[in-house]
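Throughout, this note's numbering is defined as the position within the sequence shown, counted from one, plus 22. For every residue, glycine included, the Cβ atom is placed at its ideal position computed from N, Cα and C. Values in this document were obtained by computation on a predicted structure and should not be read as measured data. Inspection log for the structure reproduced underneath, given as structure tokens.
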Amino acid sequence: MLIYYLPPKSAMHGQYYQYTHIATTMALELGIAAGAVGRKTQRCHAGEGELPPSVHSDQARAVLGCYHFASNVSMQTRRPNMLCHNAVIGGYVKHLSVSTSALDQQLAAWFGLQRIMDETLAAAGHDNTLTDTQMLESQMLPILKWFDTRMLQWKMSIPKDMFTTWMDLEYHYLYLAIHEQAAGEGYRDPDAATRRYYTLPPLEGDTERHRANVPISAARVQIITKWVLSAQQLLDVFLQCDIPTLRKLPNMTYTRMILGVSSLLRIYHMTQLGPLSEVITPQMINVDEYLDRLSHALSEACDNQKFRVPSKWYHVVAVKNREWYEQLQRRLAGYSSENPSYLRGIFPPPTSTAAGVPGAQPPGMLPSLVPGGAPAYMEPWYADDPAGRADAVREMPAVGGAAAPMMYLSSMQPVPGAVEAGGHFAPPAGNAGWRLDEPLPDLSFPY
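Have a look at this one:
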């Protein structure tokens, strides 16, 4: 087995690596690379022969748990999974699928989601550490289409009695995780747990102002829309749980819910300034309603802090996330009063001087999809460099020039006469008129 990770950037980052190494070593100790599934080995068990069914099932559950942990770490750090899927792991899944225990069968069915996630991330290049080529957003759309097909096929193959609340939450969580990765926002800073607002972007400097100048494309709008819908669907499933169920949910399930909340907040942060605000509105994200509904549900579930797990996450949602959201609202109101154009999406394109600025990339690039890449708000592209950044305070380009955006061009003049009769457009100044039925090679454009 090849184990390769970059040196950790902090003590907590190194601890993540340490835990993953422990999980991988546990799997090796259980005999994952020792031969046939369910066989005793001299190192793990006394003597040779077949394992008892109960021990075999325990071993299978432990190995699949190790694989799940290693796979999630590889997804967040954009490194290969140190515990690769092989025939031995496939044998463990098959053993659990034919087990008499309903829990084992459910675990085997859930592992199908794990395989879909691994294959999707591999298609996106997460398992290739030898290249730093940035992925275009348009290249992610076919991968997401394939991912949607696989997810629907998996759901149709699962018996209805096996599709429990936990399975439903895991199903929607995988949608959210993949769409977050596709948007280039799946990076997790290892030191995020020590911050005031955890994984939410810091509200410092002019990060919102710089994000407003990011060029958009149809592919990016589609990916972010998918991200919004997947986050809302996950939260809707969570809110459908009754109070007794919320009190019984494990801590890991609550982390799925928190990812949905933070996704909506980060989407709101990135879309309310600049061109994206024209297509992704606050009403579409609906942050206020989800914060209110989640705070109310968690308040009832914790019952004056009698239940520890809901009480912990109530503080995160109702206090931390709400405080960050209100602080962002005040910052956006300040930008609106200082320069209303930031809320209308009117920004000139980057000038030629931006070519040498690190991170000033063409539209459709996902800089944080690069292995080991940081999120957008942490990149040097957001450095306050007025010489290499397109600002709304700069002089507007001349209308009709090569750099003039389409929104500044005058409206097209109407065509006099009937179109069927070959009506003529009003000729441009200094040029002869041209007809609708004129061949394209014969047209002479004055611009």
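(request) Look up Leu158 in the DSSP assignment and say whether it is helix, strand or coil. (result) Working through the sequence shown from its first residue, we reach residue 158 at position 136. DSSP places Leu158 in strand when its eight states are reduced to three.
(message) Buried or exposed, going by whether 16 or more other CB atoms sit within 10 Å of the CB of Ala240?
(response) Numbered from 1 along the sequence shown, position 218 holds the residue referred to as residue 240. It is exposed - the Cβ of Ala240 has fewer than 16 other Cβ atoms within 10 Å.
(request) Return the chain-ordered list of same chain residues with a C-beta closer than 7 Å to the C-beta of Trp249, the five sequence neighbours on each side being excluded. (result) Locating residue 249 in the sequence shown gives position 227, counting from the first residue. Excluding sequence neighbours, Trp249 sits near His201, Glu202, Ala205, Ser285 and Ile289.
(message) Check this for me: beta carbons of Leu298 and Leu256, under 8 Å apart or not?
(response) For this step, residue 298 is matched to residue 276 along the sequence shown. For this step, residue 256 is matched to residue 234 along the sequence shown. Cβ atoms of Leu298 and Leu256: not closer than 8 Å.
(request) Would you mind sorting Ala398 into buried or exposed? The rule is 16 or more other CB atoms within 10 Å of its CB. (result) Here residue 398 is taken as the residue at index 376 of the sequence shown, counted from 1. Because Ala398 sits at a pLDDT of 38, beneath the cut-off of 50, its placement in the model cannot be relied upon, and the point is left open.
(message) I want to know whether the region 323 to 335 touches the region 260 to 279 - three or more CB-CB distances under 8 Å.
(response) yes
(request) Please go through the same chain and pick out, in chain order, the residues whose beta-carbon is closer than 7 Å to the beta-carbon of Gln470, but skip the five residues on each side of it. (result) What the structure shows of the chain is the stretch from 23 to 469, and residue 470 is not part of that stretch, so it cannot be assessed.
(message) Between which two residues does the alpha helix (DSSP H) holding Thr187 run?
(response) To locate residue 187, count along the sequence shown from 1; it is residue 165. First-last of the alpha helix (DSSP H) with Thr187: Thr187 to Ala204.
(request) Mind reading off the beta-carbon distance from Leu287 to Val309? Whole number of angstroms is fine, and I expect it under 8 Å. (result) Taking the sequence shown and counting its residues from 1, the one referred to as residue 287 is at position 265. Taking the sequence shown and counting its residues from 1, the one referred to as residue 309 is at position 287. Correct: roughly 6 Å between the Cβ atoms.
(request) Under 8 Å by Cβ, that's how I've got Ile138 and Leu196 pegged, so tell me the actual separation to the nearest angstrom. (result) Against the sequence shown, residue 138 aligns to sequence position 116. Against the sequence shown, residue 196 aligns to sequence position 174. Right, their Cβ atoms sit about 7 Å apart.
(message) Counting C-beta neighbours from all protein chains within 10 Å, is the total for Leu174 16 or more, i.e. buried, or is it exposed?
(response) By one-based count along the sequence shown, residue 174 stands at place 152. Leu174 comes out exposed.
(request) Would you list, in sequence order, the uninterrupted beta strand (DSSP E) runs of no fewer than 3 residues that lie entirely inside the region 243 to 303? (result) none
(message) Please identify the residue among Gly87, Ala33, Asn108 and Leu251 whose C-alpha is closest to the C-alpha of Ile44.
(response) Here residue 44 refers to the residue found at position 22 of the sequence shown. Closest option to Ile44, Cα to Cα, is Gly87.
(message) With distance defined between alpha-carbon atoms, name the residue in Ala84, Val85, Leu105 and Arg83 nearest to Ser93.
(response) Position 71 of the sequence shown holds residue 93. Of the candidates Ala84, Val85, Leu105 and Arg83, the one whose C-alpha sits nearest the C-alpha of Ser93 is Leu105.
(request) With a threshold of 16 other CB atoms inside 10 Å of the CB of Gly444, please say whether the residue is buried or exposed. (result) Here residue 444 is taken as the residue at index 422 of the sequence shown, counted from 1. Reliability of the predicted coordinates at Gly444 is poor, the pLDDT of 45 falling under 50, and the value obtained from them is presented with this limitation in mind. Classification of Gly444: exposed, given that the 10 Å Cβ count is below 16.
(message) Could you give the first and the last residue of the continuous alpha helix (DSSP H) run that contains Ile180?
(response) Within the sequence shown, residue 180 is the residue found at index 158, counting from 1. Here Ile180 belongs to no alpha helix (DSSP H), and DSSP marks it neither H nor E.
(request) Could you pull out every residue in the same chain whose Cβ sits closer than 6 Å to the Cβ of Leu316, ignoring the five residues on either side in sequence? (result) The residue given as residue 316 occupies position 294 in the sequence shown. So the qualifying residues of the chain are Val339.
(message) So for Phe101, helix, strand or coil by DSSP?
(response) Residue numbering aside, residue 101 sits at position 79 when the sequence shown is read from its first letter. Residue identity check: residue 101 is Arg in the sequence provided, not Phe. Residue state, collapsed to three classes: coil.
(request) Name the two residues that bound the continuous alpha helix (DSSP H) containing Glu322. (result) Numbered from its first residue, the sequence shown carries residue 322 at position 300. Per DSSP, Glu322 belongs to the alpha helix (DSSP H) from Val309 to Cys324.
(message) Applying the 10 Å Cβ sphere with the 16-neighbour rule, what's the burial state of Met162?
(response) Reading the sequence shown from its first residue, position 140 is the one you call residue 162. Per the 10 Å Cβ criterion, buried.
(request) Give the straight-line distance between the Cα atoms of Val120 and Pro181, rounded to the nearest whole angstrom. (result) On the sequence shown, residue 120 is found 98 positions in, with the first residue counted as 1. On the sequence shown, residue 181 is found 159 positions in, with the first residue counted as 1. Whole-angstrom Cα-Cα distance: 14 Å.
(request) Just the C-alpha distance for Glu345 and Tyr220, rounded to the nearest angstrom, thanks. (result) Taking the first residue of the sequence shown as position 1, residue 345 is located at position 323. Taking the first residue of the sequence shown as position 1, residue 220 is located at position 198. When rounded, the distance between both Cα atoms is 12 Å.
(message) So, with DSSP's three-state summary, where would you put Gly36?
(response) Here residue 36 refers to the residue found at position 14 of the sequence shown. Reduced to three states, the DSSP call for Gly36 is helix.
(message) Val85 and Ala109 - do their beta-carbons sit closer together than 8 Å?
(response) Mapped onto the sequence shown, residue 109 falls at position 87. Mapped onto the sequence shown, residue 85 falls at position 63. No, they are not a contact pair.
(message) Starting from Ser123, trace the alpha helix (DSSP H) in both directions and tell me its first and last residue.
(response) On the sequence shown, position 101 is the one that residue 123 refers to. That residue, Ser123, is in no alpha helix (DSSP H); it is neither H nor E in DSSP.
(message) Using the Cβ count rule (16 or more neighbours within 10 Å means buried), how would you classify Ala124?
(response) By one-based count along the sequence shown, residue 124 stands at place 102. It is exposed - the Cβ of Ala124 has fewer than 16 other Cβ atoms within 10 Å.
(request) In angstroms with no decimal places, state the Cα-to-Cα distance between Arg172 and Ala145. (result) Taking the sequence shown and counting its residues from 1, one reaches residue 172 at position 150. Taking the sequence shown and counting its residues from 1, one reaches residue 145 at position 123. Each residue's Cα considered, the two are about 13 Å apart.
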